[in-house]
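Read the structure below first, then the notes.
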Amino acid sequence: MRIDIISVVPNLMSSFFEYSICKRAANAGLVEVVLHDLHDFSTKKHKQIDDYPFGGGAGMVIAIEPLTRCLDQLMSERTYEEVIFFSPDGIVLKQGLANQLSLCQNMIFICGHYKGIDERVREKYVTKEISIGDYVLSGGELAAAVTADAIIRLIPGAIGDESSALTDSFQDGLLAPPVYTRPASFDGMDVPEILRSGNDKLIEAWRHEQAVKRTMERRPDLLHD
Ligand code: ADE
1 MRIDIISVVP
11 NLMSSFFEYS
21 ICKRAANAGL
31 VEVVLHDLHD
41 FSTKKHKQID
51 DYPFGGGAGM
61 VIAIEPLTRC
71 LDQLMSERTY
81 EEVIFFSPDG
91 IVLKQGLANQ
101 LSLCQNMIFI
111 CGHYKGIDER
121 VREKYVTKEI
131 SIGDYVLSGG
141 ELAAAVTADA
151 IIRLIPGAIG
161 DESSALTDSF
171 QDGLLAPPVY
181 TRPASFDGMD
191 VPEILRSGND
201 KLIEAWRHEQ
211 AVKRTMERRP
221 DLLHD
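Here is the structure:
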């Protein structure tokens with residue numbers, strides 16, 4: 001998988017991709033995340049990439065020329081299944097969408113900033129708009145990093161324990177059950193006996209029961225989705 005991320009502040013994301021599961025996946029040759037600084041595609045003095053909005057109003061708008069120059073260059077080099085723009089206007093990222101995107105070979109992520117990007121880029125190039133929640137961020141960079149992380153960890157081999165991405169919260173529509181490690185007893189708090197019973201069938205049933213209980217208590221909406 002290859003993810004090209006276009007941003008006006010790519011450094012915001014570089015350390016994230018240097019230290020996370022994403023880095024391990026990159027080292028294993030499973031994914032390549034390429035950050036592009038939009039300023040490199042400006043032909044203006046001082047590498048300007050934004051301009052005043054037509055019609056007036058506060059804030060600057062990312063201009064169409066540097067963005068299309070960057071997009072056209074990437075699209076001439078390979079075929080992309082998705083060009084994703086991050087915005088609170090988009091569909092809210094859920095596990096199902098992450099699963100779907102984890103099957104893509106090549107994707108472009110566009111991070112907005114300031115007041116947004118010229119609408120014509122959204123009309124001509126963008127195939128999906130994604131929001132990571134109903135709040136406004138200062139830019140799309142954190143949303144792009146969150147989305148990339150959610151996708152990359154699903155690539156087989158990206159995380160140590162092959163089965164654990166599949167047992168994540170949400171993967172079966174339920175929250176994850178509680179987990180414990182040694183010591184079995186700490187300060188009067190004991191690990192549930194069943195987890196130490198060695199009976200895999202009983203443990204699996206207990207975990208499922210706990211997952212359902214936790215989901216009913218904390219996220220009953222997930223049970224009706
Ligand atoms: N850009 C600004 N706010 C955002 C959000 N909530 N999700 C995705 N991109 C954004």
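All residue numbers for the sequence shown refer to UniProt numbering, where the first residue is 1 and numbers rise by one.
Even for Gly, the Cβ is constructed at its ideal location relative to N, Cα and C.
Check                                                                                                                                                                                   : Outcome
Keeping to the same chain, check which residues put their C-beta closer than 7 Å to that of Ile-49; ignore five residues upstream and five downstream.                                  : Val-8, Leu-38, His-39, Ser-42, Ile-62, Ala-63 and Pro-66
With DSSP run on the structure shown, which of helix, strand or coil describes His-208?                                                                                                 : helix
List, from N- to C-terminal side, the alpha helix (DSSP H) runs of 4 residues or more that fit wholly inside the region 140-172.                                                        : 141-152
Could you tell me whether the Cβ atoms of residue 233 and Ala-158 are closer together than 8 Å?                                                                                         : The displayed coordinates of the chain run from 1 to 225. Any statement about residue 233 would go beyond what the structure contains.
Got a sec, what are the start and stop residues for the alpha helix (DSSP H) Asp-221 sits in?                                                                                           : 220-223
Here's the rule I'm using: 16 or more other beta-carbon atoms within 10 Å means buried, otherwise exposed. How should Pro-156 be labelled?                                              : exposed
Using 8 Å as the Cβ pair cut-off and three pairs as the minimum, do the region 71-86 and the region 125-142 touch?                                                                      : yes
Based on DSSP bridge pairs, tell me the residues matched to Glu-32.                                                                                                                     : Arg-2
Please work out which residues of its chain come closer than 8 Å, Cβ to Cβ, to Ala-98, disregarding the five sequence neighbours upstream and downstream, and give them in chain order. : Thr-147, Ala-150, Ile-151 and Leu-154
Which class does Ser-15 belong to by DSSP, given the choice of helix, strand or coil?                                                                                                   : helix
When we look at the beta-carbon of Phe-17 and count the other beta-carbons within 10 Å, is it buried (16 or more) or exposed?                                                           : buried
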